[in-house]
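Report on the following structure.
Residue numbers (the UniProt record's numbering): 1 to 198.
Next up, the structure:
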């Protein structure tokens with residue numbers, strides 16, 4: 001289990017070369033809702049079907065509550081991604097389904113606003129989260145799954161050092177339909193030589 005201070009307003013951010021990660025706060029609602037709303041067409045092919053109240057404030061409060069509960073229970077760590085130069089919200093990244101004991105593993109999921117895609121920001125975020133998983137949480141392995149046609153996500157994972165391990169058939173229900181996913185994994189010892197360059 002990890003420490004609750006990451007959810008305090010004054011908790012330190014995880015800072016990388018181009019972005020920093022910090023836990024979502026109630027005051028992030030408006031910026032989050034605007035970015036998600038304007039990126040909906042871009043995001044929907046890769047995400048679970050959006051609820052009718054997806055961007056409403058009540059749903060946001062439930063989302064924050066779930067983030068905090070999962071974090072307190074040691075099940076997941078959700079972060080927002082902010083550009084270092086502008087301090088603007090650009091996306092989100094989560095380490096979920098965290099297991100300790102003999103597994104010592106977690107699953108990475110992420111999204112980025114349409115206007116920030118293709119700029120290398122997500123690579124920096126994935127590397128930051130990987131360091132958090134291995135160095136702070138002491139996990140041994142982290143995994144990520146992506147739809148085979150999601151070329152951008154595949155590039156991010158491979159640049160971050162993840163290795164493709166196989167195809168998971170009909171793995172996740174995305175935008176209302178079951179999709180095959182590639183399974184990618186990164187082991188703690190795999191990180192040597194991986195940087196945000198390139």
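Glycine included, each C-beta is placed from N, C-alpha and C at the ideal position. Just so you know, these numbers come straight off a predicted model, no measurement behind them.
Within the stretch 39–121, ranges of the alpha helix (DSSP H) (whole runs, at least 4 residues): Within the stretch 39–121, the complete alpha helix (DSSP H) runs of at least 4 residues are 40–43, 57–72.
Pairwise C-alpha distance: residue 138 and residue 186: 13 Å
Where residue 144 sits in the DSSP three-state scheme: strand
Under 9 Å between C-beta atoms of residue 71 and residue 125: It is not a contact, given that the beta carbons lie outside the stated cut-off.
Reference residue 13; option with closest CA among 142, 164, 87, 182: 87
Residue 92 versus residue 133 - alpha carbon distance: 16 Å
Exposed unless 16 or more other CB atoms sit within 10 angstroms - verdict on residue 36: buried
Where residue 18 sits in the DSSP three-state scheme: coil
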